[in-house]
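First comes the structure, then the notes that go with it.
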Amino acid sequence: MNNSLGMVCALEDNNKSFDVEDFSVLFDDEEPSMEEIKETFGVFDVNNDKFIDAFELQRVICNLGLKEESDLEECKRMIKTFDCNGDGLIDFQEFVKLMEKCLC
Ligand SMILES: [Ca+2]
Ligand SMILES: [Ca+2]
């Protein structure tokens, strides 16, 4: 059976709600260095404008197979949780906080 999305979005328990703790799978060790966080930020920031928006978050979640179909609204909610300055985007400083939270 073909994947109708044509993307690698394979995850068995697709009922599971995505949350920040899932980001910890991005790291091999428990305390990522600043370099690793920067690299990870680069993965999320698809268009390289130094901000992560809900579309980018959704795409990365899907590409990583963290969740089969991530809901854009859910991504927006996640961004809101860490969006300290309220611009609807995650900048690097906010991303660092997100990482700290999910690894603690
Ligand atoms: Ca971006
Ligand atoms: Ca922000």
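The opening position of the sequence shown corresponds to residue 1 in full-length UniProt numbering, with each subsequent residue numbered one higher. Every residue, glycine too, gets a C-beta built ideally from N, C-alpha and C.
Supposed close pair residue i, residue j - CB separation, criterion 8 Å
| i | j | result |
| --- | --- | --- |
| L57 | F44 | 7 Å |
| P32 | M78 | So it is not a contact: roughly 19 Å between Cβ atoms. |
Candidates the options, of which the one nearest residue i by Cα
| i | options | result |
| --- | --- | --- |
| T81 | D53, L66, I37, D49 | D53 |
| L89 | E73, F51, K97 | F51 |
| D49 | K101, K97, F92 | F92 |
| F47 | V60, E74, I37 | In the sequence as displayed, the identity of residue 47 is Asn instead of Phe. Ranking the options by Cα distance to N47, first place goes to V60. |
| E35 | K101, C102, V96 | V96 |
Beta carbon of residue i nearer than 8 Å to that of residue j
| i | j | result |
| --- | --- | --- |
| C84 | E94 | yes |
DSSP state of residue i mapped onto helix, strand, coil
| i | result |
| --- | --- |
| A10 | Note that A10 has pLDDT 40, beneath the 50 cutoff, so the model's placement of it is unreliable and the number below is only indicative. Coil at A10, not helix or strand. |
| M1 | A caution first: M1 carries a pLDDT of 47, below 50, which makes its placement in the model unreliable, though a value can still be read off. Looking at M1 - three-state DSSP - the assignment turns out to be coil, as it is neither helix nor strand. |
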